[in-house]
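Asks:
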Amino acid sequence: MRKIVHYSLIICILLIQVIIAIFFYNEFVNEKKLKFIENQLKESKLLETLADNSKKDFSDAQNSLQKYMISRDEKDLELYFRFLKKLDNNFDKINEYENKIPGLKNNLARQKRDTLKTIKLKTLIDSSYQYSQNPPAQFQDPDYELIKYKSNNNFDDLNIQTQTYSDTVKKKGLMGRLKDAISGKVDVQKESTVVTLTNNRNAVLSNIKSKMDSLEKSMNKYYITEVRKIQLSTAKSHRDNMEGSMRFYSNFSNLLIYSNGLINVYDNAIRHFKSDLEKEYEKQSSINNKIRTYLVLGLMVLMFIVSILIMYFTRVAFIYEQKLNAANKQIKNNLNFKNRILGMLSHEVRSPLKIINIFIDKIIRTTKDETIKEYLSSIKFTNSTLLIQSNQILEYTKNQETEKKLIKKVFNLKDEINSIVTAITPYIETRNNKFVVTDNIPADTVVYSDNIKINQIFMNILGNANKYTENGQIDLTMATKLIDHDRISLIATIGDTGVGISESDLAKIFEPYYQGAVSDEIDNLGAGLGLNLCKEIIELFDGEISVSSKLHEGTKVTFRINLNINDNGITN
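Mapped onto our numbering, the consecutive letters of the sequence shown carry residue numbers 8 to 579.
(1) Is it right to say Q47 is buried, meaning 16 or more other beta carbons lie within 10 angstroms of its own, or is it exposed?
(2) Where does the unbroken beta strand (DSSP E) through E551 begin, and where does it stop?
(3) Find out if the Cβ-Cβ distance for the pair I101, I312 is shorter than 9 angstroms.
(4) Terminal residues of the continuous alpha helix (DSSP H) containing V422?
(5) To the nearest angstrom, how far is it from the Cα of R438 to the Cα of S391?
(6) When we look at the beta-carbon of E423 and count the other beta-carbons within 10 Å, is it buried (16 or more) or exposed?
(7) Count the other CB atoms, across all protein chains shown, that sit within 10 Å of the CB of T56; report buried if there are 16 or more and exposed otherwise.
(8) Should F31 be labelled buried (16 or more other beta-carbon atoms within 10 Å of its own) or exposed?
(9) Does G535 come out as helix, strand or coil in the three-state DSSP assignment?
(10) In angstroms, rounded to a whole number, what distance separates the CA positions of S496 and I18?
(11) Let me check understanding here. Comparing Cα to Cα, which of D99, Q170, K345 and L547 lies closest to T203?
(12) Using 8 angstroms as the threshold, is the segment 483-490 in touch with the segment 433-453, meaning 3 or more CB pairs across them?
(13) Is the segment 412-429 touching the segment 448-465, taking contact as three or more C-beta pairs under 8 angstroms?
(14) Would you report the Cα separation of F146 and R235, rounded to the nearest angstrom?
(15) Could you check where the beta strand (DSSP E) with L497 kicks off and where it finishes?
(16) Measuring only the C-alpha atoms, how far is K63 from N97?
(17) Taking the alpha carbon of I516 as the reference point, which residue from F548, F43, D491 and T562 has its own alpha carbon closest?
(18) Would DSSP call T578 helix, strand or coil?
(19) Quick one: what does DSSP say I18 is sitting in, helix, strand or coil?
(20) Quick one: grab the DSSP three-state call for V443.
(21) For D274, collect the residues of the same chain with a Cβ closer than 7 angstroms to its Cβ; drop the 5 residues on either side in sequence, then sort them by chain order.
(22) When you compare each of N296, E287, F320 and S71 to L16 by their alpha carbons, which one comes out closest?
(23) Is A472 closer than 9 angstroms to D491 when the C-beta atoms are compared?
(24) Please check the pair N271 and L41, which I expect to be a contact at CB under 8 angstroms, by giving their CB distance rounded to whole angstroms.
(25) What do you reckon, are the CB atoms on T565 and A514 nearer than 9 angstroms?
(26) What does the alpha-carbon distance come out to for the pair N398 and I326?
(27) Which partner residues of F98 appear in the DSSP bridge assignment?
(28) So who's on the other strand from L53, going by DSSP bridges?
(29) Leaving out the 5 sequence neighbours to the left and right, which residues in its chain are closer than 7 angstroms to L123 when beta-carbon positions are compared?
(30) Taking only three categories from DSSP, how would you classify I108?
(31) Tell me the rounded alpha-carbon separation between D121 and Y104.
(32) Can you find a C-beta in chain B that's less than 9 angstroms from the C-beta of Q168?
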């Protein structure tokens with residue numbers, strides 16, 4: 008279950024990282040969008056303020072125009088145009104926002120589809136201002152003077168006296184009275200005239216009455232005609248004045264109508280723009296909150312799964328830890344037992360090996376056969392090697408932490424290798440192999456190094472060559488090369504005509520306990536530690552080893568070790 012637990016933990020961690028990435032994306036990118044919408048909402052509030060100011064300026068402009076129409080005061084007209092210019096400035100500011108905010112621009116475009124915008128507001132204001140410099144003449148009631156009626160009748164005999172009585176209402180002119188009469192006003196001044204006729208002589212009343220009637224008719228006709236003339240003249244003057252005023256105020260009316268239309272356009276566009284922003288803000292805010300909610304839930308689920316897996320894995324780890332502790336204890340006991348056995352064997356072997364050397368020396372002193380002496384020397388060399396190795400095994404069992412190192416001594420390199428060759432030649436001949444040695448080592452080469460480990464290298468490599476070769480030939484070539492005045496290199500090549508090594512086995516040849524594909528074909532197979540041990544020993548000499556081989560064609564092993572030169576030339 009360990010792989011399942013591990014992979015599950017890895018997947019959960021990856022998902023947590025994905026959740027964290029989405030969280031950061033939401034917090035930085037989506038929140039940035041939300042912040043942008045908030046800024047636009049703030050700007051929409053500023054736009055609302057401009058729209059409200061525009062409405063106020065428009066209302067103030069209307070009031071100023073109405074005052075001007077009544078008072079004809081130039082200050083009211085100036086105020087009127089001042090408010091209109093402020094209105095135009097507000098529109099310019101809104102247009103600046105229009106160029107920066109696409110949403111406002113789109114809403115304004117929709118609102119302006121049904122609005123005639125053939126003339127700019129500034130053009131209308133300038134045109135109206137220029138036209139206002141020549142206002143129409145103010146209408147005034149004309150002053151009329153009635154020509155007195157001249158009568159042809161002779162009233163010399165009559166003495167005529169007149170007396171007029173007026174009420175308290177201020178007297179108005181004719182046009183003023185006509186205007187009050189038309190408008191239905193009754194607070195007009197009234198006059199009463201009393202005419203007193205006194206005849207200086209006897210008169211015939213019928214004649215006087217006849218004359219008075221004729222005079223009344225003639226006078227009435229005369230004044231009716233004069234009044235009609237005044238009425239016609241006044242009506243014509245009033246009509247001309249009204250036409251001029253209508254032409255004068257029509258520009259202002261068009262300007263106010265156009266301004267009101269623009270105010271409605273901008274006001275509706277701003278309101279729709281703000282409404283769209285509020286909807287977009289609510290939508291984006293809802294999306295952000297949903298993402299946060301889902302991420303938190305997902306993170307909680309994943310953390311719960313991780314917690315369960317960790318608890319399970321911890322429990323399994325504790326169980327296996329107990330088993331490992333028990334196994335380590337058992338291994339330690341086994342190692343102690345093995346080291347004890349090895350120590351006992353190496354200790355017990357030393358005494359027989361020493362006795363063998365003693366008997367070999369006695370036989371050599373007593374025999375005169377040189378061949379037997381040569382064989383005995385080889386046996387003694389091999390026996391001494393075993394004795395040294397048993398001492399090393401005993402030392403290792405006492406202290407396993409002992410660092411591997413060279414135990415150096417002074418010896419003649421050529422003599423030492425000749426002893427190795429002499430000792431191993433009978434072993435090679437047991438498998439009917441021909442042993443060809445090419446020794447190019449100078450005879451006077453004395454070195455200061457570890458001869459036992461050199462012996463182990465040659466014995467292992469030559470032993471392997473003999474093990475995998477039968478009825479063939481084994482070649483040993485040796486030479487030295489000067490490194491500097493203190494060191495030389497020993498270069499040796501061991502070749503055989505044995506079964507060879509496959510390419511797959513060649514790549515693993517230095518691994519411990521590796522036997523290879525041909526192990527089933529070989530009798531008396533070792534533990535597979537030879538080349539691995541040789542490689543370790545050669546590395547102690549700061550050297551190197553390589554193997555080349557072809558299956559069923561033989562093997563060639565080449566190694567190089569570095570040795571210190573003994574300048575004194577003394578050998579042990």
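Quick reminder that beta carbons are idealized off the backbone N, C-alpha and C, glycines included.
Replies: By the coordinates alone:
(1) Counting Cβ neighbours within 10 Å, Q47 comes out buried, since at least 16 surround it.
(2) E551 to K557
(3) no
(4) It is worth fixing the name first, because residue 422 is Asp in this sequence and not Val. Note, D422: alpha helix (DSSP H), L420 to E436.
(5) 25 angstroms
(6) buried
(7) It is exposed - the Cβ of T56 has fewer than 16 other Cβ atoms within 10 Å.
(8) exposed
(9) With a pLDDT of only 40 at G535, under the threshold of 50, the placement of this residue in the model should not be trusted; the figure read from the coordinates follows. Coil.
(10) Roughly 56 angstroms between the two C-alpha positions.
(11) Q170
(12) Under the three-pair Cβ rule at 8 angstroms, the segment 483-490 counts as touching the segment 433-453.
(13) The segment 412-429, when compared against the segment 448-465, does touch it at the 8 angstroms Cβ threshold.
(14) Any reading at F146 is ruled out, since the residue's pLDDT is 48, under 50, leaving its predicted position unreliable.
(15) L497 -> beta strand (DSSP E) spans R494 to D503.
(16) Their backbone Cα atoms lie some 11 angstroms apart in a straight line.
(17) Out of F548, F43, D491 and T562, T562 has the C-alpha closest to the C-alpha of I516.
(18) In this prediction, T578 has a pLDDT of 42, which is less than 50 and means its spatial position is unreliable; what the coordinates show is noted afterwards. Of the three classes helix, strand and coil, the one that applies to T578 here is coil, per DSSP.
(19) helix
(20) Note: V443 maps to strand in three-state DSSP.
(21) A58
(22) F320
(23) No, these two residues do not count as a Cβ contact at 9 angstroms.
(24) By a beta-carbon distance limit of 8 angstroms, N271 does not contact L41. Their separation comes to about 32 angstroms.
(25) no
(26) 43 angstroms
(27) Answer by DSSP bridge pairing: none, since F98 is not bridged.
(28) Note: L53 sits in no beta bridge, so no partner.
(29) Since pLDDT at L123 reaches only 42, below the 50 mark, its modelled position is unreliable, and no value is offered.
(30) coil
(31) At D121, the pLDDT of 45 sits below 50, so the modelled position is not reliable and the matter cannot be decided from this model.
(32) Protein chain content of the structure displayed is limited to a single chain, and chain B is not contained in it.
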